[in-house]
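Chemist: Following this message is one structure expressed as structure tokens.
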Ligand SMILES: Nc1ncnc2c1ncn2[C@@H]1O[C@H](COP(=O)(O)OP(=O)(O)OP(=O)(O)O)[C@@H](O)[C@H]1O
Ligand SMILES: O=P(O)(O)OC[C@H]1O[C@H](OP(=O)(O)OP(=O)(O)O)[C@H](O)[C@@H]1O
Ligand SMILES: O=C(O)c1cccnc1
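In full-length UniProt numbering, the protein residues as written are 1 to 478.
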């Protein structure tokens with residue numbers, strides 16, 4: 001895969017902070033930053049983490065080229081030559097721990113943790129959030145869509161409506177991770193090994209004298225691979241009957257009409273009629289594909305109306321996450337080096353939800369061994385040992401809400417990816433990520449997974465992490 005130069009894919013304030021640290025002689029001080037989001041998108045109960053693969057490529061390829069340096073020289077800030085020289089030597093030498101792609105994740109828990117020179121930690125914030133926020137958003141939307149028809153086949157059709165090429169390609173990958181089976185985008189297929197699928201457009205039908213001729217020619221070219229689009233003129237009167245005619249001709253030659261595609265009108269009514277007509281003609285193996293501005297709400301509604309569509313092409317609503325086009329993931333400094341030690345740092349807010357969780361932390365999934373289900377996620381300091389037997393969990397805001405899990409195991413969600421600049425993580429193939437997603441979904445009670453008004457899954461702080469936060473909060477607001 002091509003990795004373009006993304007080093008200047010950052011907000012100017014990052015470079016300005018780097019410059020000011022360099023002027024101050026503090027650029028090599030280390031810090032710890034965390035990326036997390038505060039609110040689940042789409043009213044969902046969880047998100048599906050994605051974006052790590054691109055983050056890895058980005059960090060591996062961070063270099064300021066002479067062209068980048070020359071561009072920086074032109075800026076009104078008039079950065080000094082010594083700083084630009086420092087940028088010429090810039091490499092990512094920090095450590096990154098991350099949640100695995102395809103993992104189910106929740107608000108306020110660290111998804112990425114960076115330990116690096118403050119110089120590096122600043123530069124990478126913008127790109128890391130950009131990749132994580134978009135891909136996690138699309139993976140989450142895909143999971144919601146798949147959830148309404150888990151037995152059906154889902155194809156990602158969004159490239160023409162995506163916010164440009166990167167979004168189409170990485171969005172196709174995110175959709176595949178979290179429930180889609182294929183994409184129409186061949187470049188995404190080639191890069192990531194995702195299965196690709198395609199039917200034909202209305203333009204194919206329009207380019208012939210008659211619909212029937214267009215169907216016949218298409219079926220002759222792709223005898224076992226034809227899905228015929230039946231709504232160019234009149235779905236009931238010509239599209240379906242013509243497709244059946246061609247299906248029967250194929251059958252005589254020992255071939256199968258793979259499918260018909262409905263792309264307008266009442267998809268429930270039309271698919272019920274089409275299924276009946278196809279079955280009556282003996283074309284029981286021909287599947288019905290549905291498309292036309294679909295999302296989880298429309299598909300769920302169509303299912304409840306008895307639609308016989310078993311294969312769905314979903315574009316615009318998925319790839320643009322139309323009902324919530326951004327995930328508000330943030331990147332916060334949680335500890336800074338002082339006299340060779342890490343000191344926890346806090347960001348205070350009038351809104352209790354927005355007060356950051358200070359300190360060099362990690363996050364565990366607490367799984368009840370009696371049920372095999374995840375009970376809560378648990379944020380603790382990295383140097384903190386978890387209790388051997390019973391773990392006490394309490395809500396960090398409403399602390400009287402608590403429970404103890406007696407027979408538990410703790411799975412650390414943050415895995416080492418870079419260690420002092422060196423990649424220590426084998427990037428999994430996209431199919432491994434997809435099966436990781438499937439196994440993750442099974443670990444949660446359905447009440448947290450439902451798409452409407454799900455029950456909140458708890459993300460708790462260890463007593464030590466909570467006390468650290470309270471002490472810093474008291475100090476900061478004194
Ligand atoms: N039975 C149904 N119940 C609910 N929504 C449906 C149903 N059938 C189709 N839809 C959805 O309704 C939306 C609009 O469809 P509508 O029939 O108004 O326009 P259209 O068929 O695209 O029109 P056109 O013929 O101009 O293309 C689409 O998102 C479509 O998927
Ligand atoms: O509706 P979406 O979920 O975004 O799915 C993709 C849409 O793109 C195509 O339409 P378009 O009108 O672009 O071309 P066409 O002539 O092939 O129908 C296709 O027919 C779908 O309707
Ligand atoms: O293959 C298709 O039917 C297709 C692909 C992209 C967009 N709309 C339809």
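Ideal Cβ placement from N, Cα and C applies to all residues, glycine included.
With a threshold of 6 Å (Cβ to nearest heavy atom), would residue 293 be considered close to ligand 2?
Modeler: Residue 293 has its Cβ nearer than 6 Å to a heavy atom of ligand 2.
Chemist: If I'm right that residue 96 touches residue 437 with Cβ under 8 Å, what's the distance once you round it to whole angstroms?
Modeler: The Cβ separation is near 21 Å, so there is no contact.
Chemist: Express the C-alpha separation of residue 354 and residue 396 in angstroms, rounding to a whole number.
Modeler: 13 Å
Chemist: Mind reading off the beta-carbon distance from residue 36 to residue 110? Whole number of angstroms is fine, and I expect it under 8 Å.
Modeler: 5 Å
Chemist: Starting from residue 244, follow the alpha helix (DSSP H) in both directions and report where the run begins and ends.
Modeler: 240 to 252
Chemist: Mind reading off the beta-carbon distance from residue 211 to residue 238? Whole number of angstroms is fine, and I expect it under 8 Å.
Modeler: 6 Å
Chemist: Helix, strand or coil for residue 38 per DSSP?
Modeler: coil
Chemist: Mind checking who residue 30 pairs with in its DSSP beta bridge?
Modeler: In DSSP, residue 30 forms a bridge with 117.
Chemist: Which one of 224, 214, 225 and 223 has the shortest CA to CA distance from residue 233?
Modeler: 214
Chemist: In the DSSP assignment, find the alpha helix (DSSP H) that holds residue 279 and state where it starts and stops.
Modeler: 267 to 280
Chemist: Taking 6 Å as the cut-off, is the C-beta of residue 480 nearer than that to any heavy atom in ligand 2?
Modeler: Outside the shown range of the chain (1 to 478) lies residue 480, about which nothing can therefore be said.
Chemist: On the criterion of 16 or more Cβ atoms from any shown chain inside 10 Å, does residue 74 qualify as buried, or is it exposed?
Modeler: exposed
Chemist: At which residue ranges does the region 69 to 145 contain complete beta strand (DSSP E) runs of 3 or more residues, listed in the order of the chain?
Modeler: 95 to 98 and 112 to 117
Chemist: Going by DSSP, what residue range makes up the alpha helix (DSSP H) through residue 158?
Modeler: Per DSSP, residue 158 belongs to no alpha helix (DSSP H) and is neither H nor E.
Chemist: With DSSP run on the structure shown, which of helix, strand or coil describes residue 189?
Modeler: helix
Chemist: Using a strict less-than 5 Å threshold between each residue's beta carbon and the heavy atoms of ligand 3, what residues do you get?
Modeler: Residues with a Cβ closer than 5 Å to any heavy atom of ligand 3, in chain order: 157, 184, 198 and 199.
Chemist: So, under 8 Å CB-CB, residue 104 and residue 441 are touching, yes? Tell me the CB distance rounded to an integer number of Å.
Modeler: 7 Å
Chemist: With DSSP as the reference, identify every bridge partner of residue 450, one or two as the case may be.
Modeler: For residue 450, no pairing in a beta bridge is given by DSSP.
Chemist: Compute the Euclidean distance between the alpha carbons of residue 261 and residue 40, then round it to the nearest angstrom.
Modeler: 34 Å
Chemist: Residue 243 and residue 267 - do their beta-carbons sit closer together than 7 Å?
Modeler: no
Chemist: Given this structure, state the Cα-to-Cα distance separating residue 142 from residue 321, to the nearest angstrom.
Modeler: 9 Å
Chemist: Whole-angstrom Cβ separation of residue 182 and residue 196, contact assumed at under 8 Å?
Modeler: 6 Å
Chemist: Which of the three DSSP states is assigned to residue 309 in this structure?
Modeler: coil
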